[in-house]
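Here's the structure, in structure tokens; my notes come after.
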Amino acid sequence: MAHATGIKYLKPGVLPHMWCSGCGIGGMLGALLRACEELGYSNSDTVVVTGIGCTGKLDDYLLTNALHTTHGRALAYATGIKAFKPQLKVIVIMGDGDSVTIGGNHFIHAARRNIDLTAIVLNNLNYGMTGGQVSGTTPEWALTSTTVYGNPEREFDICALAETAGANYVARSTPYHGWEMKELMKQALQKKGFSLVEVVSPCPTHFGRNNEMKETPAMLRWLEGRALPLERYRGLPQAERRNYFPVGTLVDRDEPDFSTRYATIRARALQE
Amino acid sequence: MLQATKQGRKAKKAVPVAAREMRLMQGNQAIAEGAIYAGARFYAGYPITPSSEIADECATRLPKLGGTYIQMEDEMASIAAVIGASLAGAKALTATSGPGFSLMQENLGLAVMGEVPCVVVDVQRAGPSTGLATKPAQSDIMQVRWGRHGDQAVIALCPATVRECFTLTVQAFNFAERFRLPVILMPDEIVGHMRENVALPLPGEIELIERKAPSGAPAAYLPFKPDEDGIAPLAAYGGEYVFHVTSSMHGTDGYSNNDPVNAAWRVRQLHEKIERHRDEIVLTQSWYTEDMEVLIVTLGATTRAGRSAALEARAKGIKAGVLQLQTVWPFPDREVAALGKAVRMVVVPEMNYSGQVAGEVQKALGAGADLRRVNKYNGTIITPQDILDAILRPAAGGAT
Numbered sequence: 001m002a003h004a005t006g007i008k009y010l011k012p013g014v015l016p017h018m019w020c021s022g023c024g025i026g027g028m029l030g031a032l033l034r035a036c037e038e039l040g041y042s043n044s045d046t047v048v049v050t051g052i053g054c055t056g057k058l059d060d061y062l063l064t065n066a067l068h069t070t071h072g073r074a075l076a077y078a079t080g081i082k083a084f085k086p087q088l089k090v091i092v093i094m095g096d097g098d099s100v101t102i103g104g105n106h107f108i109h110a111a112r113r114n115i116d117l118t119a120i121v122l123n124n125l126n127y128g129m130t131g132g133q134v135s136g137t138t139p140e141w142a143l144t145s146t147t148v149y150g151n152p153e154r155e156f157d158i159c160a161l162a163e164t165a166g167a168n169y170v171a172r173s174t175p176y177h178g179w180e181m182k183e184l185m186k187q188a189l190q191k192k193g194f195s196l197v198e199v200v201s202p203c204p205t206h207f208g209r210n211n212e213m214k215e216t217p218a219m220l221r222w223l224e225g226r227a228l229p230l231e232r233y234r235g236l237p238q239a240e241r242r243n244y245f246p247v248g249t250l251v252d253r254d255e256p257d258f259s260t261r262y263a264t265i266r267a268r269a270l271q272e
Numbered sequence: 273m274l275q276a277t278k279q280g281r282k283a284k285k286a287v288p289v290a291a292r293e294m295r296l297m298q299g300n301q302a303i304a305e306g307a308i309y310a311g312a313r314f315y316a317g318y319p320i321t322p323s324s325e326i327a328d329e330c331a332t333r334l335p336k337l338g339g340t341y342i343q344m345e346d347e348m349a350s351i352a353a354v355i356g357a358s359l360a361g362a363k364a365l366t367a368t369s370g371p372g373f374s375l376m377q378e379n380l381g382l383a384v385m386g387e388v389p390c391v392v393v394d395v396q397r398a399g400p401s402t403g404l405a406t407k408p409a410q411s412d413i414m415q416v417r418w419g420r421h422g423d424q425a426v427i428a429l430c431p432a433t434v435r436e437c438f439t440l441t442v443q444a445f446n447f448a449e450r451f452r453l454p455v456i457l458m459p460d461e462i463v464g465h466m467r468e469n470v471a472l473p474l475p476g477e478i479e480l481i482e483r484k485a486p487s488g489a490p491a492a493y494l495p496f497k498p499d500e501d502g503i504a505p506l507a508a509y510g511g512e513y514v515f516h517v518t519s520s521m522h523g524t525d526g527y528s529n530n531d532p533v534n535a536a537w538r539v540r541q542l543h544e545k546i547e548r549h550r551d552e553i554v555l556t557q558s559w560y561t562e563d564m565e566v567l568i569v570t571l572g573a574t575t576r577a578g579r580s581a582a583l584e585a586r587a588k589g590i591k592a593g594v595l596q597l598q599t600v601w602p603f604p605d606r607e608v609a610a611l612g613k614a615v616r617m618v619v620v621p622e623m624n625y626s627g628q629v630a631g632e633v634q635k636a637l638g639a640g641a642d643l644r645r646v647n648k649y650n651g652t653i654i655t656p657q658d659i660l661d662a663i664l665r666p667a668a669g670g671a672t
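Those protein sequence lines, which keep their order, are chains A and B.
So the first sequence is numbered by the working numbering: it starts at 1 and just counts up by one.
So the second sequence is numbered by the working numbering: it starts at 273 and just counts up by one.
If you want it as structure tokens, here you go:
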């Protein structure tokens with residue numbers, strides 16, 4: 001069987017892409033498009049919604065329906081699309097700024113509402129497009145162009161946030177784990193309800209340069225060394241967990257999604 | 273036989289009031305009813321006084337019609353969801369008031385840039401900030417026009433009666449669909465909360481306009497290529513026409529395009545599609561203007577006060593008339609000039625300090641006009657006496 005390439009979703013003539021050498025966005029997008037191809041998605045029944053920042057540029061490479069929105073609000077736009085037309089496959093691709101910093105409120109409420117869409121969060125640990133400033137997911141004490149003496153704040157655990165808020169499916173991966181990432185995305189795309197795949201990503205241009213990982217391999221090794229399968233992560237003493245993050249499927253449940261619940265509302269309204 | 277047919281057709285055109293349903297309604301309720309009449313089946317919003325009755329009504333009615341009411345986490349999300357639903361094919365609306373309307377501005381800019389039909393109701397209340405929650409004002413006139421960054425334009429309508437709350441909401445959807453843009457309906461709190469007996473239009477009585485759908489080969493569809501009328505057809509997500517919409521500067525294909533020639537064309541086109549159809553969009557009403565020497569320019573709640581003031585002035589021998597601005601943006605400058613340049617005095621009552629409407633009236637009339645402002649900005653209504661006092665006041669410089 002021929003391998004899925006995802007090329008059928010790419011606008012002809014747009015490569016090479018605009019992202020920096022060593023950036024994780026290309027790998028993330030490749031995994032996503034392969035997942036879509038393996039699941040038989042078509043351009044017409046798919047809507048890709050993006051926000052602002054490095055990740056927000058990727059709709060320009062796609063042939064699917066797309067909506068490129070404002071900073072942090074992609075999930076709210078996507079919620080309107082999905083709530084009105086539940087048969088659409090809605091994929092929301094955001095950075096860590098979009099998803100859990102400026103857009104954190106929409107993130108927790110989309111998960112709570114369990115709206116049936118897939119959120120892909122490319123977490124590169126800082127604001128890349130504006131020059132490497134601190135974000136809500138920058139590790140504490142890390143150096144960025146606005147935390148030159150170290151980040152005094154703690155970072156969000158995006159997956160834990162989604163789990164607590166009510167997401168049906170939560171997974172984490174990195175561009176170092178390309179094949180697994182694609183498999184996790186396939187599971188997320190097939191899950192009814194709010195699904196999330198966090199892709200912890202290298203940003204050698206900014207985060208890496210500021211934190212002694214200027215070369216791409218150094219950042220990939222850093223990700224590889226910190227990523228642990230869930231069982232191994234859980235086996236660590238609490239004090240050691242700070243140095244690692246679990247990858248793979250972290251949450252998998254089947255609570256009814258928003259549209260299923262709203263069908264009940266319509267039925268009740270008609271009875272009155 | 274022919275006679276009977278003629279009479280039948282005539283009867284259909286002029287519906288007897290008795291045939292219509294008479295209901296005691298609030299302005300906000302009439303807005304929700306008007307939206308449903310226009311075909312709106314999607315509401316996303318966040319509660320805020322004095323607009324919440326619109327949400328209540330939509331939450332009750334829409335699910336019965338197979339529609340959707342979704343309460344979002346804030347006003348930024350509300351307008352975002354409305355835009356998303358519209359691109360999936362819905363006639364969609366949200367309703368809010370000053371603080372929420374401020375929060376919606378950035379995403380409203382996307383609706384302008386992406387040419388997405390939608391209706392936003394801003395039931396105006398007194399600011400600044402939380403202000404006189406939730407007393408009436410007419411102080412969002414300029415925010416409605418200029419609240420978003422970047423150079424852009426929208427259409428705004430302002431109802432003065434409960435019946436107009438209904439009819440202008442239908443009109444707002446018609447304009448939004450026809451011209452592919454956000455339309456702001458901007459009643460003041462007085463009109464939003466006012467109750468009147470209303471004979472609602474029957475189905476089919478008001479023409480409903482649907483967005484223009486693409487018709488050519490799907491592969492050749494360009495979502496931002498205007499037809500002869502200056503408006504591009506709009507598909508809906510999920511059909512055979514696949515398309516991109518973006519907040520970024522884009523070409524006719526909806527993909528990013530920062531070319532200076534393209535950018536200049538885009539910004540111009542967003543303005544020109546309104547300017548070209550300006551006479552179709554600008555709606556006004558007037559009373560007692562045939563022989564008038566004094567013109568009172570009103571909108572929303574000042575309309576009734578203005579009409580009473582005009583009658584009281586006439587009882588005193590001063591021939592006063594009224595021009596009501598149903599369309600606020602684009603501003604009815606020609607209509608104001610046509611009536612205002614022929615009179616000795618123009619009075620502009622409005623519920624704000626800075627004379628947001630009077631400034632536009634001044635622009636329309638030019639220098640030398642005896643323009644009198646009546647401003648109230650303490651959350652109380654402008655009375656006919658307030659307007660009459662301005663008419664009776666000696667002109668500046670001592671001449672009367």
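Every residue gets a Cβ at the ideal spot worked out from N, C-alpha and C, and that includes glycine.
The model shown is predicted, which means the values in this text are computed figures rather than measured ones.
Of the residues G80(A), V47(A), L143(A) and T69(A), which one's Cα is nearest the Cα of P152(A)?
L143(A)
Closer than 9 Å, Cβ to Cβ, to anything on chain A: give me those residues from the stretch 347-365 of chain B, in chain order.
M348, A349, S350, I351, A352, A353, V354, I355, G356, A357, S358, L359, A360, G361, A362 and A364
Tell me which residues share the same chain as F447(B) and place their Cβ nearer than 6 Å to its Cβ, disregarding the 5 neighbours each side in the sequence.
I427 and V455
Can you have a look at W322(A) and say buried or exposed, based on whether 16 or more other CB atoms are within 10 angstroms of its CB?
Outside the shown range of chain A (1 to 272) lies residue 322(A), about which nothing can therefore be said.
Express the C-alpha separation of S520(B) and R34(A) in angstroms, rounding to a whole number.
27 Å
Can you tell me where the beta strand (DSSP E) holding H522(B) begins and where it ends?
Premise fails: H522(B) is in no beta strand (DSSP E) and is neither H nor E.
Who are the neighbours of P335(B) on chain A, taking C-beta pairs under 9 Å?
Y262, I265, R266, A267, R268, A269 and L270
To the nearest angstrom, report how far apart A573(B) and I355(B) are at their CA atoms.
Here the alpha carbons of I355(B) and A573(B) stand approximately 30 Å from one another.
Would you list, in chain order, the members of the stretch 77-101 of chain A that have their beta-carbon closer than 7 Å to a beta-carbon of chain B?
Y77, A78, T79, G80, I81, A83, F84, K85, Q87 and L88
Please confirm whether N105(A) and G166(A) have their CB atoms less than 7 Å apart.
no
Is D60(A) close to chain B, meaning its C-beta is less than 7 Å from at least one C-beta of that chain?
yes
Can you check whether the C-beta of L453(B) is within less than 7 Å of a C-beta belonging to chain A?
no
Taking the beta carbon of A31(A) as the centre, do at least 16 other beta carbons fall within 10 Å, making it buried, or is it exposed?
buried
From the DSSP output, which residues share a beta bridge with W601(B)?
According to DSSP, W601(B) bridges with A428(B).
So which residues of chain A does S528(B) contact, with C-beta pairs closer than 9 Å?
Neighbours of S528(B) on chain A, chain order: K57, D59, D60 and H68.
Exposed or buried, what is E345(B) when buried is set at 16 or more other beta-carbons lying within 10 Å of its beta-carbon?
buried
What whole-angstrom Cβ distance do V619(B) and G627(B) have, given they're in contact under 8 Å?
Actually they are not in contact, since the Cβ atoms of V619(B) and G627(B) sit about 12 Å apart, beyond 8 Å.
Does any CB atom of chain B fall closer than 7 Å to the CB of S145(A)?
Using a Cβ-Cβ cut-off of 7 Å, S145(A) does not count as an interface residue toward chain B, since no Cβ of chain B sits closer than that to its own.
Report buried or exposed for Q657(B), applying the criterion of at least 16 other Cβ atoms within 10 angstroms of its Cβ.
exposed
Among T205(A), L122(A), E224(A) and D157(A), which residue has its Cα nearest to the Cα of P139(A)?
D157(A)
Taking buried to mean at least 16 other C-beta atoms within 10 Å of its own C-beta, is H543(B) buried or exposed?
exposed
Give the DSSP bridge partners of A567(B), in chain order.
The identity of residue 567(B) in the sequence shown is Leu, whereas the question assumes Ala. Answer by DSSP bridge pairing, in chain order: G593(B) and V618(B).
Go through the stretch 390-428 of chain B residue by residue and report every complete run of the beta strand (DSSP E) that reaches 3 residues or more, in order.
390-394
Could you work out which residues of chain A lie near V392(B), taking near to mean beta carbons separated by less than 9 Å?
Residues of chain A passing the Cβ test: none, with the nearest at roughly 14 Å.
In terms of alpha-carbon separation, which member of F207(A), T264(A), V92(A) and K85(A) lies closest to A111(A)?
V92(A)
Identify the contact partners of R637(B) in chain A, using a Cβ-Cβ distance below 9 Å as the criterion.
The displayed chain sequence assigns Leu, not Arg, to residue 637(B). Identification of chain A residues near L637(B) by a Cβ-Cβ cut-off of 9 Å yields none; the smallest Cβ-Cβ distance measures about 39 Å.
Go ahead and label Q279(B) buried or exposed: buried means 16 or more other beta carbons lie within 10 angstroms of its beta carbon, across all protein chains shown.
Any reading at Q279(B) needs caution, since the residue's pLDDT is 40, under 50, leaving its predicted position unreliable; the model's value is listed next. So Q279(B) ends up on the exposed side.
Using Cβ-Cβ distances below 7 Å, what residues of the stretch 106-136 of chain A are close to chain B?
H106 and H109
Starting from F314(B), find everything on chain A with Cβ-Cβ shorter than 9 Å and list it in chain order.
G80, A83 and F84
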